[in-house]
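Student: Have a look at this one.
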Amino acid sequence: MKRKLTSALILLVLILTTYFFVFEYYASSPLIDSAKVESDTAQINLVKPDPTILYGMVVDSFQVAEHAVKRNQSISDILLAYNVSHQTIFQLANVAKNVFDVRKIAPNKKYTIIYQDNDSLPSARALVYEPNPEEYVVFNLKDSIKVYVEKRPVEVKEKAISGTIQSSLYEEILKNGGTPELVDLVADMYGWQIDFTKIYPGDQFKVIYTERTIEGKSVGIEEIIGAELIHYNNPFLSIAFDQGDGIDYFDEEGKSLRKAFLRYPVKFTRISSRYTKRRYHPVQKRYKAHLGTDYAAPTGTPIYAAGDGVILKARYEKFNGRNVKIRHNATYSTQYLHMSRIAKGIKPGSKVKQGQLIGYVGSTGLASGPHLCYRFWKNDKQVDALKVDLPPSEPIKEDYLSNFMRYKGYVKSKLDQVSYPEAESEVLMAKVK
Numbered sequence: 135m136k137r138k139l140t141s142a143l144i145l146l147v148l149i150l151t152t153y154f155f156v157f158e159y160y161a162s163s164p165l166i167d168s169a170k171v172e173s174d175t176a177q178i179n180l181v182k183p184d185p186t187i188l189y190g191m192v193v194d195s196f197q198v199a200e201h202a203v204k205r206n207q208s209i210s211d212i213l214l215a216y217n218v219s220h221q222t223i224f225q226l227a228n229v230a231k232n233v234f235d236v237r238k239i240a241p242n243k244k245y246t247i248i249y250q251d252n253d254s255l256p257s258a259r260a261l262v263y264e265p266n267p268e269e270y271v272v273f274n275l276k277d278s279i280k281v282y283v284e285k286r287p288v289e290v291k292e293k294a295i296s297g298t299i300q301s302s303l304y305e306e307i308l309k310n311g312g313t314p315e316l317v318d319l320v321a322d323m324y325g326w327q328i329d330f331t332k333i334y335p336g337d338q339f340k341v342i343y344t345e346r347t348i349e350g351k352s353v354g355i356e357e358i359i360g361a362e363l364i365h366y367n368n369p370f371l372s373i374a375f376d377q378g379d380g381i382d383y384f385d386e387e388g389k390s391l392r393k394a395f396l397r398y399p400v401k402f403t404r405i406s407s408r409y410t411k412r413r414y415h416p417v418q419k420r421y422k423a424h425l426g427t428d429y430a431a432p433t434g435t436p437i438y439a440a441g442d443g444v445i446l447k448a449r450y451e452k453f454n455g456r457n458v459k460i461r462h463n464a465t466y467s468t469q470y471l472h473m474s475r476i477a478k479g480i481k482p483g484s485k486v487k488q489g490q491l492i493g494y495v496g497s498t499g500l501a502s503g504p505h506l507c508y509r510f511w512k513n514d515k516q517v518d519a520l521k522v523d524l525p526p527s528e529p530i531k532e533d534y535l536s537n538f539m540r541y542k543g544y545v546k547s548k549l550d551q552v553s554y555p556e557a558e559s560e561v562l563m564a565k566v567k
């Protein structure tokens with residue numbers, strides 16, 4: 135009996151010793167880190183993927199489709215394709231009344247459908263429409279119908295660009311990081327001082343402006359602060375200043391860069407016919423007077439009022455097509471012919487401001503192609519709009535002159551810190567000489 139007990143104790147000691155060495159080996163082994171395994175396991179159990187959020191909604195369990203609104207497509211057309219009933223669409227339109235008019239959904243604008251794919255029958259849960267880059271309209275159909283507008287955060291940044299023109303102001307501004315909108319603003323600002331159809335290689339520009347951006351992308355120009363343009367060695371300074379009537383642009387002496395009338399009431403591709411007492415008419419096939427200026431432009435190009443005034447007529451006529459005539463004062467009147475359509479709200483007796491949209495380029499009436507025929511009256515006599523001597527807009531008022539002079543010094547100091555690309559300039563100026 136005593137021998138058996140001794141044998142059992144010896145066996146137990148051997149087993150415990152073996153277990154101890156095996157445990158120590160694996161615990162210290164570089165191949166297996168038990169603490170790390172436990173930690174990783176805990177992390178795997180605790181860490182969950184972040185939900186996918188789009189337009190403020192979690193869309194992980196839905197399908198997402200992005201489209202552009204087609205011509206003549208309505209919100210009903212969009213939602214019926216995703217199995218939303220006529221009754222629900224009617225309710226949605228009613229809910230949206232005080233938020234967004236569903237009839238204003240426009241062609242080429244982006245919209246996004248968030249939907250469930252139930253047995254190959256897509257069922258919309260939300261429609262998001264983007265009328266502009268800064269905001270979007272959410273039509274939420276998930277539980278109850280909700281319609282609301284959200285705005286994206288907009289950052290306003292001050293920017294400065296400069297360049298030496300080689301072929302055109304447009305190309306040079308875009309090459310230096312500007313936008314087509316900035317080109318238009320600069321061209322409008324200097325429209326009465328410089329004829330941009332006669333720009334010279336070697337002309338230089340510098341512009342300081344503020345730009346609205348969303349997620350780093352430009353969504354529009356806030357304002358031009360100041361600019362300098364050297365046109366054939368002559369400097370033209372422009373200072374933005376508000377003297378109570380909104381931002382306008384002034385030269386170094388406080389004179390307005392803007393005339394009482396726009397130089398061009400439309401952004402055109404070329405002047406297709408000038409004011410003349412004798413022109414061969416392309417439709418009537420005979421020589422006759424052409425007492426206007428024709429600006430060739432694509433159908434639908436916006437047309438703007440050349441100056442402040444009152445609408446005398448806005449209607450369709452056999453030869454003039456859809457046209458608008460404006461009396462600006464006792465001396466001046468202007469007329470705009472062959473429109474594809476007249477802008478909303480433009481009717482006899484209504485007042486318009488300079489630069490206000492009044493219609494769109496077309497070819498109605500006696501016209502061989504899309505263009506604006508622009509007519510100009512002075513003392514009830516038709517004159518050449520490109521040659522008439524027009525009055526300037528208001529200069530800086532006496533009460534604002536000292537403030538303007540101080541602000542001009544500030545803007546000039548900022549412009550002086552923006553350098554021109556000198557080397558390129560010298561080469562180009564040498565070619566001009």
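Offset between the sequence shown (1-based) and this note's numbering: plus 134. Note that CB positions come from ideal geometry on N, CA and C, so glycine has one too.
#1: For the pair the segment 465-485 and the segment 401-410, tell me if three or more CB-CB distances fall below 8 Å.
#2: Three-state secondary structure (DSSP) at residue 478?
#3: With 16 other CB atoms within 10 Å as the buried threshold, where does residue 342 fall?
#4: At the level of alpha carbons, what is the spacing between residue 167 and residue 186?
#5: Do residue 364 and residue 338 have their C-beta atoms within less than 7 Å of each other?
#6: Candidates 368, 384 and 369: which alpha carbon is nearest residue 375's?
#7: Can you tell me the Cα-Cα spacing of residue 189 and residue 207, whole angstroms?
#8: In angstroms with no decimal places, state the Cα-to-Cα distance between residue 507 and residue 454.
#9: Who are the near neighbours of residue 401 in its chain, counting only those whose CB is closer than 8 Å to its CB and skipping five residues on each side?
#10: How big is the Cα-Cα spacing for residue 305 and residue 330?
#11: Could you compute how far the alpha carbon of residue 394 sits from the alpha carbon of residue 275?
#12: Is the beta carbon of residue 461 closer than 7 Å to that of residue 446?
#13: On the criterion of 16 or more Cβ atoms from any shown chain inside 10 Å, does residue 465 qualify as buried, or is it exposed?
#14: Counting only C-beta atoms, is residue 314 closer than 7 Å to chain D at any point?
#15: Closer than 8 Å by C-beta to residue 314: which residues in its own chain qualify, once you throw out the five before and the five after it? Chain order, please.
#16: What is the DSSP secondary structure of residue 434, reduced to helix, strand or coil?
#17: With a cut-off of 8 Å, do at least 3 Cβ pairs link the segment 241-258 to the segment 189-198?
#18: Taking all protein chains shown into account, decide if residue 459 is buried (16 or more other Cβ within 10 angstroms of its Cβ) or exposed.
Tutor: Answer, in terms of the structure:
#1: no
#2: If DSSP states are grouped into helix, strand and coil, residue 478 belongs with coil.
#3: buried
#4: Legend: pLDDT at residue 167 = 48, less than 50; position of this residue unreliable, no value from coordinates given.
#5: Contact flag set, yes.
#6: 384
#7: The straight-line gap from Cα to Cα measures roughly 23 Å.
#8: 9 Å
#9: 318, 431, 435 and 436
#10: 13 Å
#11: 52 Å
#12: yes
#13: exposed
#14: Absent from the structure: chain D. Only one protein chain is present.
#15: 304 and 308
#16: In the three-state reduction of the DSSP assignment, residue 434 falls in the coil class.
#17: yes
#18: Counting Cβ neighbours within 10 Å, residue 459 comes out buried, since at least 16 surround it.
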